[in-house]
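Keeping their order, the protein sequence lines are chains A and B. So that you can map any letter, position 124 of the first sequence is 156 in the working numbering, and since no number is skipped, the others follow by simple counting. So that you can map any letter, position 110 of the second sequence is 142 in the working numbering, and since no number is skipped, the others follow by simple counting. For every residue, glycine included, the Cβ atom is placed at its ideal position computed from N, Cα and C.
There are 2 protein chains.
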Amino acid sequence: MDHIKVKAPATSANLGAGFDVFGMALQMPYDVIELVPHDSIEIEVDGVGGERIPTDPTKNTAGITASELGCTAKITVHKGIMPYSGLGSSAASAAGAAFGLNKLFDLGLSDNELIRAAVKGEEVVSGAAHADNVAPSLLGGFTIVHGEGVIRLDPPAIGIVAVLPDIFVETRVARSLLPQKVPLEDLVFNIGNASSLIIGMVTGNLELIGRSMQDRIIAPVRAKLIPGYDEVRESALRAGAAGVTISGSGPAMIAVCELGRRGQIADAMVDAFERNGIKSESFVTQPGGGAEIMGEHE
Amino acid sequence: MDHIKVKAPATSANLGAGFDVFGMALQMPYDVIELVPHDSIEIEVDGVGGERIPTDPTKNTAGITASELGCTAKITVHKGIMPYSGLGSSAASAAGAAFGLNKLFDLGLSDNELIRAAVKGEEVVSGAAHADNVAPSLLGGFTIVHGEGVIRLDPPAIGIVAVLPDIFVETRVARSLLPQKVPLEDLVFNIGNASSLIIGMVTGNLELIGRSMQDRIIAPVRAKLIPGYDEVRESALRAGAAGVTISGSGPAMIAVCELGRRGQIADAMVDAFERNGIKSESFVTQPGGGAEIMGEHE
Chain A
33 MDHIKVKAPA TSANLGAGFD VFGMALQMPY DVIELVPHDS IEIEVDGVGG ERIPTDPTKN
93 TAGITASELG CTAKITVHKG IMPYSGLGSS AASAAGAAFG LNKLFDLGLS DNELIRAAVK
153 GEEVVSGAAH ADNVAPSLLG GFTIVHGEGV IRLDPPAIGI VAVLPDIFVE TRVARSLLPQ
213 KVPLEDLVFN IGNASSLIIG MVTGNLELIG RSMQDRIIAP VRAKLIPGYD EVRESALRAG
273 AAGVTISGSG PAMIAVCELG RRGQIADAMV DAFERNGIKS ESFVTQPGGG AEIMGEHE
Chain B
33 MDHIKVKAPA TSANLGAGFD VFGMALQMPY DVIELVPHDS IEIEVDGVGG ERIPTDPTKN
93 TAGITASELG CTAKITVHKG IMPYSGLGSS AASAAGAAFG LNKLFDLGLS DNELIRAAVK
153 GEEVVSGAAH ADNVAPSLLG GFTIVHGEGV IRLDPPAIGI VAVLPDIFVE TRVARSLLPQ
213 KVPLEDLVFN IGNASSLIIG MVTGNLELIG RSMQDRIIAP VRAKLIPGYD EVRESALRAG
273 AAGVTISGSG PAMIAVCELG RRGQIADAMV DAFERNGIKS ESFVTQPGGG AEIMGEHE
């Protein structure tokens with residue numbers, strides 16, 4: 033094979049109570065990554081926010097992933113996911129590169145090995161090695177990253193609205209605000225909600241998923257970086273959302289709802305940001321699959 | 033009805049990562065509670081460790097539960113569960129009383145209302161109002177207590193060994209040792225393990241349940257109150273246990289395993305305590321049902 037084109041989806045990590053553990057692949061937006069064998073690792077980036085992404089292979093998540101896998105290739109990343117959005121932009125590029133290189137060079141690597149390589153790239157851009165975006169971007173669906181591996185579930189067919197305000201929050205900064213220690217009672221609250229969210233996923237109970245997205249530890253701190261957060265959240269709930277929280281480290285916000293209510297919730301959230309003087313873009317989507325081949329040439 | 037006899041099971045709370053959230057009903061041991069309408073609340077207690085339990089209705093979990101429900105009855109508690117064992121002794125008496133009074137006086141209360149009444153009793157003896165033992169003793173199975181209610185799952189048919197060393201740990205003291213705040217990375221570890229434990233319960237994966245019982249926050253602190261804890265734990269794992277941790281606030285320890293390995297694991301744990309100069313009693317059991325009627329008379 034001398035050319036491969038891969039699609040890797042945006043993902044929403046945390047879902048409230050599952051900080052650094054839960055992640056979900058979204059049907060859209062997504063990155064497209066083209067890979068061609070080459071005598072060195074070379075990166076090109078275009079698409080939304082592409083100018084914000086380093087093309088130095090040692091600073092680019094796709095480049096670092098290639099280096100981890102010991103592959104040299106020319107990697108062209110067509111960004112569909114805005115960088116620094118909280119929608120797993122860097123993870124998608126890394127996951128897509130890992131997935132594509134595995135196919136292109138017939139490496140025969142396991143999902144866990146690919147996740148490990150892609151996480152190395154994440155480490156550089158986010159300052160923390162965590163797989164909560166990489167895993168769902170590779171595997172699709174709803175993923176649980178625990179001490180010893182990754183569990184993948186098929187989420188129910190729920191509606192998802194992601195709204196990205198036009199403000200800049202760097203993942204590193206969002207992480208630096210996090211508390212070093214959390215009160216024991218908040219731990220209990222979050223473990224309860226993380227547990228009930230999983231039961232909601234397993235039983236297809238949208239209401240339970242939505243209620244379980246409440247989080248007392250991370251979202252309240254990160255919400256301070258998003259002007260109008262409370263108003264946007266309440267507008268979404270009034271428009272019929274079952275739950276609303278920050279997507280990953282933000283600034284994107286994510287709402288879960290019935291499929292038929294996505295449009296009205298997206299409008300309500302965009303309007304609420306507008307009232308706070310902030311432009312935003314909405315994605316009306318649903319849980320989706322993982323990285324996949326879009327085209328290849330022998 | 034003028035007389036009712038109820039059985040209420042021992043329970044194991046936390047299961048490692050699910051502090052104050054997870055609980056599981058055990059087939060044995062159990063309390064038997066007899067209830068007869070009376071012009072005041074009157075408590076009698078006999079059975080194992082009965083002498084340690086106050087019969088003042090305002091200090092006894094069954095008495096407080098009756099008072100919460102507005103019922104006056106003569107309540108005789110035949111203890112099968114040793115008090116201060118970490119096996120939900122006080123919760124079983126409260127759950128059994130709530131369940132029995134609901135039937136005896138035909139109160140028509142919901143499970144959640146019964147749990148709420150029984151938790152009032154727990155509050156007095158343990159110093160914290162939590163339903164992680166009361167819920168499984170009432171409902172049976174594996175329970176998740178979250179912010180807005182209780183979820184019940186049917187656990188798989190796994191083997192359980194509970195070993196109770198002959199040392200005294202008061203629930204209040206065990207709670208007072210707990211950290212007020214926990215490091216964020218331990219939160220992530222515990223949310224990951226709590227999540228994978230639930231997946232283990234849902235899919236019947238014993239190995240995943242066992243591994244997920246690891247906990248970095250509570251068990252390490254409480255283990256200090258149990259001489260020989262590490263040796264007992266390692267002995268159980270060597271004898272084939274999939275996971276071992278402290279049951280509730282201890283000092284009982286609980287191991288999960290294949291049904292056929294329970295005997296050898298019980299022996300290994302009792303022997304390990306013996307080597308540390310501590311006598312212990314083992315219960316070879318499995319997940320069980322909740323409170324139930326053993327007999328009634330019109």
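Item, Value
"Rounding to the nearest angstrom, what Cα-Cα distance links V80 (chain B) and A127 (chain B) in this structure?", "18 Å"
"Answer yes or no: does any C-beta atom of chain A fall closer than 7 Å to that of L219 (chain B)?", "yes"
"Could you check what DSSP says for Y116 (chain B) in three-state terms: helix, strand or coil?", "coil"
"Can you tell me whether R248 (chain A) is helix, strand or coil according to DSSP?", "coil"
"Could you tell me the distance, in whole angstroms, from the CA atom of K311 (chain B) to the CA atom of P283 (chain B)?", "12 Å"
"Taking Cβ positions only, does G232 (chain B) come closer than 7 Å to chain A?", "no"
"Alpha carbon to alpha carbon, how far is K39 (chain A) from I231 (chain B)?", "29 Å"
"Taking C-beta pairs closer than 7 Å, name the residues in chain B that N225 (chain A) reaches, listed in chain order.", "H178, G179"
"The beta strand (DSSP E) that contains Q318 (chain A), what's its start and end?", "Counting along the chain, Q318 (chain A) falls outside any beta strand (DSSP E), and DSSP gives it neither H nor E."
"Which stretch, first to last residue, makes up the beta strand (DSSP E) that contains D182 (chain B)?", "Going by the sequence as given, residue 182 (chain B) is Val instead of Asp. Counting along the chain, the beta strand (DSSP E) containing V182 (chain B) begins and ends at 181-185."
"Give the single residue among A:G132, A:G242, A:F54, A:E306 whose Cα lies nearest to the Cα of I325 (chain A).", "A:G132"
"Assess, as a yes-or-no matter, whether the region 138-158 of chain B is touched by the region 90-103 of chain B under the definition of 3 or more beta carbon pairs within less than 8 Å.", "yes"
"Quick one: which residues of the region 45-61 of chain B get their C-beta closer than 9 Å to a C-beta of chain A? List them in chain order.", "A49, G50, F51, D52, V53, F54"
"In chain order, which continuous runs of the alpha helix (DSSP H) of length 4 or greater are located wholly inside the region 131-185 of chain A?", "143-158, 166-171"
"So if DSSP puts F54 (chain A) in a beta bridge, which residue, or which two residues, is it bridged to?", "A:I176"
"Decide if the region 214-234 of chain A is in contact with the region 177-194 of chain B; the criterion is three or more beta carbon pairs, one per stretch, under 8 Å apart.", "yes"
"Say whether chain A places a C-beta atom closer than 7 Å to the C-beta of S228 (chain B).", "yes"
"Enumerate in chain order the residues of its own chain whose CB-to-CB distance from E263 (chain B) is below 6 Å, with the five nearest sequence positions on each side excluded.", "A304"
"Give the interface partners of K213 (chain B) over in chain A, defined as CB-CB distance under 8 Å, in chain order.", "K213, V214, P215, L216"
"Taking R148 (chain B) as the reference, which of B:V157, B:A161, B:C103, B:V53 has the closest Cα?", "B:A161"
"Between I36 (chain B) and chain A, is there a C-beta pair that is closer than 7 Å?", "no"
"Around the Cβ of Q246 (chain A), are there at least 16 other Cβ atoms within 10 angstroms (buried) or fewer (exposed)?", "buried"
"How about I183 (chain B): is its C-beta nearer than 7 Å to some C-beta of chain A?", "yes"
"Buried or exposed, going by whether 16 or more other CB atoms sit within 10 Å of the CB of A189 (chain A)?", "exposed"
"I'd like to check one pair, I241 (chain B) with F51 (chain B): are the Cβ atoms closer than 7 Å?", "no"
"Can you name the residues of chain A whose CB is closer than 7 Å to the CB of R243 (chain B)?", "E180"
"Show which residues of chain A have a CB atom less than 9 Å away from the CB atom of L210 (chain B).", "L216"
"Just to make sure I have the definition right: I need the residues of chain A whose C-beta is within less than 8 Å of the C-beta of N416 (chain B). Which are they?", "Chain B is shown only over 33 to 330; residue 416 (chain B) falls outside these bounds and no answer can be derived."
"In whole angstroms, what separates the C-alpha of T175 (chain A) from that of S208 (chain B)?", "36 Å"
"Quick one: which chain A residues come within Cβ less than 8 Å of Q246 (chain B)?", "G179"
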